[in-house]
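Here's what the structure looks like:
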């Protein structure tokens, strides 16, 4: 980058309208705001064994996809910006929480740890792939909203997984 | 609750398998692990104006629904546990991020603030509704994974919005 490149900022705003009338079904409409608005229905429900009717995905399923896909999108976008030649991307994420309750009182929940195993195809060097993963972390809107240190990343190098 | 009520813990684990072959479409399969497993396809894409094909929701749309619905689910579940009589629940969430870039280098993103406006119907007192919102915050797996203080909640009381 030339030293004279301009610093610029942009805002990203998503809004949700959720309604719940009785059981665990939540009707949720999500809107991307700004110059190119998009709206989508993303309802949720709990499964029958958690008291719901299983009419839609769990809220945490959306969360887990959102986190995974946000990092993947930045890997793809920033590979172009960094001119790093990559092939297919495969990411396996594990989100682990624990809840504690006394009797039947409301429980308190806490994240134990999230891991993302990232396999980037193509002939790019290990150094370039590491550089790309670090850039994707910093650019990922979801990850930057999480408690620092919560997500641990590993990169596939040869046949092994190495921490990034 | 009786003083002899037992403390118990349980784990919640969601895993995602994501793959991306070229553009911004991410095929993501999410699995709830544990005794009652469920799997669901939750692909993502960027809109045409962000370089994608608009074949699926944005990753941040899933995130915003997941956050909103997680709190709503706990409001419904914990109203029962706390024996607070409530009616319909309406939640409006706003997630605001900002990104900064130099020239065309990868940008760095940061959350500016998330707000949740919560309207709980029914005859429950303001004190009970506040107690319920506080319990839902502590029980919400998504919110407990976010940077502390990032989410601000307001409760509708009469015709006004008051901070919780």
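Residue numbers (this note's numbering), protein chains in the order written: chain Y, 1 to 164; chain X, 165 to 328.
From the three backbone atoms N, C-alpha and C, an ideal C-beta is built for every residue, glycine too.
Remember, predicted model here, so these are calculated numbers, not experimental data.
- As a beta-bridge residue in DSSP terms, residue 262 of chain X pairs with Y/11, X/274.
- The continuous stretches of beta strand (DSSP E) do not include residue 238 of chain X, which lies in the alpha helix (DSSP H) extending over residues 223-245.
- Contact between the stretch 93-112 of chain Y and the stretch 24-42 of chain Y is absent, with fewer than three C-beta pairs closer than 8 Å.
- For residue 291 of chain X, not one C-beta of chain Y is nearer than 9 Å to its own C-beta.
- Nearest CB-CB separation between residue 123 of chain Y and chain X: not below the 9 Å threshold.
- Here residue 145 of chain Y carries a helix assignment [DSSP, helix/strand/coil].
- Close CB contacts of residue 71 of chain Y within its chain, under the 6 Å cut and outside five residues either way in sequence, are with 136, 140 (chain order).
- Cβ contact annotation for residue 79 of chain Y (same chain, cutoff 7 Å, sequence separation greater than five): 86, 132, in chain order.
- The C-beta distance from residue 317 of chain X to residue 328 of chain X rounds to 4 Å, short enough to meet the 8 Å contact threshold.
- Distance between residue 174 of chain X and residue 247 of chain X, taken at the CA atoms: about 22 Å.
- In this chain, residue 299 of chain X is not harboured by any beta strand (DSSP E); it is covered by the alpha helix (DSSP H) spanning 290-303.
- Using a 10 angstroms sphere on the CB of residue 149 of chain Y, the tally of other CB atoms stays under 16, which defines it as exposed.
- Residue contact check for residue 249 of chain X against chain Y: no CB pair falls below 9 Å.
- Secondary structure note for residue 324 of chain X: its beta strand (DSSP E) is the uninterrupted segment 324-327.
- Not one beta carbon of chain Y lies nearer than 9 Å to the beta carbon of residue 328 of chain X.
- The beta carbon of residue 94 of chain Y lies closer than 6 Å to those of 115 in the same chain, with the five residues before and after it left out.
- In the displayed model, residue 319 of chain X falls within a strand according to three-state DSSP.
- Under DSSP, residue 86 of chain Y shares a beta bridge with no residue.
- One Cα belongs to residue 111 of chain Y, the other to residue 289 of chain X, and the distance between them is close to 32 Å.
- Judged by DSSP in its simplified three-state form, residue 31 of chain Y adopts strand.
- Listed in chain order, the non-local C-beta contacts of residue 46 of chain Y below 7 Å within the same chain comprise 24, 52, 58, local neighbours out to five positions each way being set aside.
- Against chain Y, the CB of residue 255 of chain X has a partner CB under 9 Å away; the residue lies at that interface.
- One alpha carbon belongs to residue 178 of chain X, the other to residue 158 of chain Y, and they sit about 27 Å apart.
- With contacts defined as CB atoms closer than 9 Å, residue 49 of chain Y and residue 146 of chain Y fail to qualify as a contacting pair.
- The secondary-structure analysis by DSSP pairs residue 217 of chain X with nothing; it has no beta-bridge partner.
- By the neighbour-count definition (other C-beta atoms within 10 Å, threshold 16), residue 326 of chain X is an exposed residue.
- Residues of chain Y with a Cβ closer than 9 Å to the Cβ of residue 318 of chain X do not exist, since the nearest Cβ in that chain sits about 14 Å away.
- If you look at residue 205 of chain X, you'll find it in the beta strand (DSSP E) that goes 202-205.
- By the neighbour-count definition (other C-beta atoms within 10 Å, threshold 16), residue 20 of chain Y is a buried residue.
- Residues of the stretch 108-123 of chain Y whose Cβ lies closer than 7 Å to any Cβ of chain X, in chain order: 108, 109, 110, 111.
- Here residue 156 of chain Y is near residue 117 of chain Y, since their CB atoms are less than 9 Å apart.
- Using a CB distance cut-off of 9 Å, residue 313 of chain X does not count as an interface residue toward chain Y.
- Ranked by how close their Cα comes to the Cα of residue 324 of chain X, the residues X/269, X/284, X/302 have X/284 in first place.
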